[in-house]
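Q: Sharing a structure, written as structure tokens. Questions coming.
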Amino acid sequence: MHQDNEDYTNPPEEFIGLSDFTSCGSDQLSFRAGDRLLVHTKTSADWWWAELGGLCGYAPSSYLKQDVEDSYLNQGVKEDTSENTSEDPWQDEEYFGSYGTLRLQLEMLSDRARTEAYRQVILTNSAPLKGKVVMDLGCGTGVISLFCARLAQPKAVYAVEASSIAEHTETLVRQNGCEEVVTVFQGRAEELELPGTVDILISEWMGNCLLFEFMVESVLQARDRWLREGGMMWPSGASLCLVPCQALDYYTERMVFWEQPYGLDFTALQSLAQSEFFSRPRFSHLLKPEDCLATPCDVITLDMLTLHVTDLEKLRGQFTFIVEKAGTFHGFTSWFRVQFQSLERDKTTLELDTGPYSEPTHWKQTLFMLDGPILLLGGETVSGIILLHRNPVWRRHMTVTIQWSISSTEETGNCMVQSKSFPMWR
Ligand SMILES: N=C(N)NCC[C@H]1O[C@@H](n2cnc3c(N)ncnc32)[C@H](O)[C@@H]1O
Numbered sequence: 002m003h004q005d006n007e008d009y010t011n012p013p014e015e016f017i018g019l020s021d022f023t024s025c026g027s028d029q030l031s032f033r034a035g036d037r038l039l040v041h042t043k044t045s046a047d048w049w050w051a052e053l054g055g056l057c058g059y060a061p062s063s064y065l066k067q068d069v070e071d072s073y074l075n076q077g078v079k080e081d082t083s084e085n086t087s088e089d090p091w092q093d094e095e096y097f098g099s100y101g102t103l104r105l106q107l108e109m110l111s112d113r114a115r116t117e118a119y120r121q122v123i124l125t126n127s128a129p130l131k132g133k134v135v136m137d138l139g140c141g142t143g144v145i146s147l148f149c150a151r152l153a154q155p156k157a158v159y160a161v162e163a164s165s166i167a168e169h170t171e172t173l174v175r176q177n178g179c180e181e182v183v184t185v186f187q188g189r190a191e192e193l194e195l196p197g198t199v200d201i202l203i204s205e206w207m208g209n210c211l212l213f214e215f216m217v218e219s220v221l222q223a224r225d226r227w228l229r230e231g232g233m234m235w236p237s238g239a240s241l242c243l244v245p246c247q248a249l250d251y252y253t254e255r256m257v258f259w260e261q262p263y264g265l266d267f268t269a270l271q272s273l274a275q276s277e278f279f280s281r282p283r284f285s286h287l288l289k290p291e292d293c294l295a296t297p298c299d300v301i302t303l304d305m306l307t308l309h310v311t312d313l314e315k316l317r318g319q320f321t322f323i324v325e326k327a328g329t330f331h332g333f334t335s336w337f338r339v340q341f342q343s344l345e346r347d348k349t350t351l352e353l354d355t356g357p358y359s360e361p362t363h364w365k366q367t368l369f370m371l372d373g374p375i376l377l378l379g380g381e382t383v384s385g386i387i388l389l390h391r392n393p394v395w396r397r398h399m400t401v402t403i404q405w406s407i408s409s410t411e412e413t414g415n416c417m418v419q420s421k422s423f424p425m426w427r
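Read left to right, the sequence shown gives residues 2 to 427 (our numbering).
This is the structure in structure tokens:
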């Protein structure tokens with residue numbers, strides 16, 4: 002934290018804190034919802050240099066909103082703001098618009114590991130599915146609902162889909178002779194009226210880094226409203242996994258590249274490269290098993306029967322990795338696993354693992370790059386915490402903060418704690 006009375010060139014702008022923010026590093030500024038901060042410099046898209054009560058530090062821009070009322074007052078302009086529609090914090094138009102295209106539906110359907118995992122769940126539970134009522138939330142083209150109707154004998158399947166693809170799903174249900182069992186409901190699950198409660202709520206809701214898109218909130222709300230007492234959630238559980246890793250190819254192509262392109266020295270661009278390429282997570286990163294520097298671990302585990310929507314605001318996990326081989330620590334990679342508990346007691350739980358040791362899926366993995374590589378000899382301990390802070394304004398987004406320290410057997414002194422926050426994406 003800095004005490005700073007430096008005179009700034011541009012007049013500061015007043016912003017309001019939309020949610021509490023607790024500093025995760027010495028140069029960040031803590032504030033509470035409703036605090037009025039003076040933003041002196043918008044140093045980057047995500048972090049602004051601000052002042053509050055004589056203290057200065059970096060504040061996350063996604064936690065700040067200009068007080069429209071005040072800004073109009075300052076300019077002496079009093080426009081009628083009634084026609085100003087504030088952007089939808091769920092960005093549903095853009096979100097469901099994208100799922101109305103075949104491109105995304107094709108990507109998910111073409112993901113054999115993903116789709117086959119759900120087919121196996123239905124197949125192995127076909128006997129106990131007989132006579133049951135199933136809700137398929139976010140059914141898309143209805144593939145899971147059709148698996149239910151074709152591979153088992155449920156009493157009814159409610160196929161719920163908010164995007165325009167639902168208009169075609171009806172046709173697919175008829176063309177596959179499932180119209181007696183499967184009913185398509187077009188609309189948001191939170192707003193629909195269903196004929197009644199369900200025995201099983203099945204959904205493929207997982208996003209990058211497990212939670213991005215936060216469709217999981219819709220699943221929990223549907224659970225609380227439509228799943229009968231003792232009903233089954235599929236997936237029944239979910240785990241976020243993490244590992245310290247090498248990422249030499251990515252580091253070389255995005256950072257080393259500037260050292261001598263065509264014999265020229267472009268190293269002056271490397272700080273910009275770090276900000277542009279390493280300040281956010283990298284989706285669809287394919288981690289090679291040999292680039293894992295330790296045994297991966299589950300850092301966050303969710304029980305889909307007991308998880309509450311409010312738990313999603315802030316999720317925290319701990320980790321301790323023993324570095325198993327010498328290598329370069331470029332960053333952390335995350336992925337998820339989801340479990341499908343059997344409908345029959347003491348039968349095996351099935352699992353979809355999207356990690357580097359399993360068949361690749363369309364999610365691949367998510368890479369969090371450190372600001373700079375760290376050489377490791379092997380034998381060190383990398384320990385710390387991971388925080389998933391849901392964006393208080395943009396409800397499908399979150400910021401992932403990783404705090405870590407590296408200690409080695411030789412080094413007895415207290416090791417320095419590092420911290421880095423990655424907006425995903427706002
Ligand atoms: N990350 C994912 N698995 N995304 C799958 C999302 C699928 O579920 C649909 N979907 C997402 N949220 C909802 C909701 N609240 N209600 C109905 N359909 C939804 C979306 O249109 C898409 O077809």
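Quick reminder that beta carbons are idealized off the backbone N, C-alpha and C, glycines included.
Could you tell me if residue 323 is buried or exposed, where buried requires 16 or more neighbouring beta carbons within 10 angstroms of its beta carbon?
A: Along the sequence shown, read from residue 1 onward, the residue named residue 323 stands at position 322. Answer is exposed; the Cβ neighbour count stays below 16.
Q: For residue 83, which residues from the same chain have a beta carbon less than 7 Å from its beta carbon, with the 5 sequence-adjacent residues on both sides left out?
A: If you number the sequence shown from 1, residue 83 lands on position 82. In this prediction, residue 83 scores a pLDDT of 37, lower than 50, which makes its location untrustworthy; no coordinate-derived value is stated.
Q: For ligand 1, I want to know if residue 305 counts as a neighbour, meaning its beta carbon is within less than 7 Å of at least one of the ligand's heavy atoms.
A: What you label residue 305 is simply residue 304 of the sequence shown in a count that begins at 1. No - ligand 1 has no heavy atom lying nearer than 7 Å to the Cβ of residue 305.
Q: How would you label residue 261, buried or exposed, when you count the other beta carbons within 10 angstroms and need 16 or more for buried?
A: The residue given as residue 261 occupies position 260 in the sequence shown. Around the beta-carbon of residue 261, fewer than 16 other beta-carbon atoms lie within 10 Å, marking it exposed.
Q: Would you mind reading off the limits of the alpha helix (DSSP H) that contains residue 1?
A: A query on residue 1 cannot be resolved here, the shown segment of the chain reaching from 2 to 427 and no further.
Q: Under 7 Å: does the beta carbon of residue 111 sit that close to some heavy atom of ligand 1?
A: As a position in the sequence shown, residue 111 is number 110, starting the count at 1. No, ligand 1 has no heavy atom inside 7 Å of this Cβ.
Q: Less than 8 Å between the C-beta atoms of residue 157 and residue 184, yes or no?
A: Counting from 1 along the sequence shown, the entry for residue 157 is found at position 156. Counting from 1 along the sequence shown, the entry for residue 184 is found at position 183. Cβ distance < 8 Å, so residue 157 and residue 184 count as in contact.
Q: When you measure from the CB of residue 141 to every non-hydrogen atom of ligand 1, does any distance come out below 7 Å?
A: For this step, residue 141 is matched to residue 140 along the sequence shown. Yes.
Q: Ordered along the chain, which non-local residues of its own chain (more than five positions away) have a Cβ less than 6 Å from that of residue 357?
A: By one-based count along the sequence shown, residue 357 stands at place 356. Correct list, in chain order: 288 and 290.
Q: At what residues does the alpha helix (DSSP H) containing residue 169 begin and finish?
A: In the sequence shown, counting from the first residue as 1, residue 169 sits at position 168. Element bounds for residue 169: 167 to 176.
Q: Name, in chain order, the residues that DSSP records as bridge partners for residue 157.
A: Walking along the sequence shown from the start, residue 157 turns up at place 156. Residue 157 is bridged to 134.
Q: Is the region 304 to 317 close to the region 376 to 396, with three or more CB pairs under 8 Å?
A: yes
Q: Using 8 Å as the Cβ pair cut-off and three pairs as the minimum, do the region 266 to 277 and the region 225 to 234 touch?
A: no
Q: Beta strand (DSSP E) containing residue 319: first to last residue?
A: Here residue 319 refers to the residue found at position 318 of the sequence shown. Looking at the DSSP string, the run of the beta strand (DSSP E) that includes residue 319 is 315 to 323.
Q: Following the continuous beta strand (DSSP E) through residue 423, name the residue where it begins and the one where it ends.
A: For the purposes of this step, residue 423 is taken as residue 422 along the sequence shown, with counting starting at 1. Its beta strand (DSSP E) spans residues 419 to 425.
Q: Less than 7 Å between the CB of residue 207 and some heavy atom of ligand 1, yes or no?
A: In the sequence shown, residue 207 corresponds to position 206, counting from 1. At least one heavy atom of ligand 1 is nearer than 7 Å to the Cβ of residue 207, so yes.
Q: Please report the Cβ distance between residue 135 and residue 174, rounded to the nearest whole angstrom; I am assuming they are in contact, meaning their Cβ atoms lie under 8 Å.
A: Residue mapping note: residue 135 aligns to position 134 of the sequence shown, counting from 1. Residue mapping note: residue 174 aligns to position 173 of the sequence shown, counting from 1. About 14 Å separates the two Cβ atoms, so there is no contact after all.
Q: At the level of alpha carbons, what is the spacing between residue 9 and residue 421?
A: Numbered from its first residue, the sequence shown carries residue 9 at position 8. Numbered from its first residue, the sequence shown carries residue 421 at position 420. Note on residue 9: pLDDT 37, under 50, position unreliable in the model; the coordinate value appears next. Each residue's Cα considered, the two are about 27 Å apart.
Q: Would you give the residue range spanned by the alpha helix (DSSP H) that residue 149 belongs to?
A: Counted from its first residue, the sequence shown places residue 149 at position 148. Boundaries of the alpha helix (DSSP H) harbouring residue 149: 144 to 152, taken from the DSSP string.
Q: Within its chain, find whatever has a CB closer than 7 Å to the CB of residue 259; leave out the 5 residues flanking it on each side and keep chain order.
A: For this step, residue 259 is matched to residue 258 along the sequence shown. Around residue 259: 267, 268, 270, 271 and 274.
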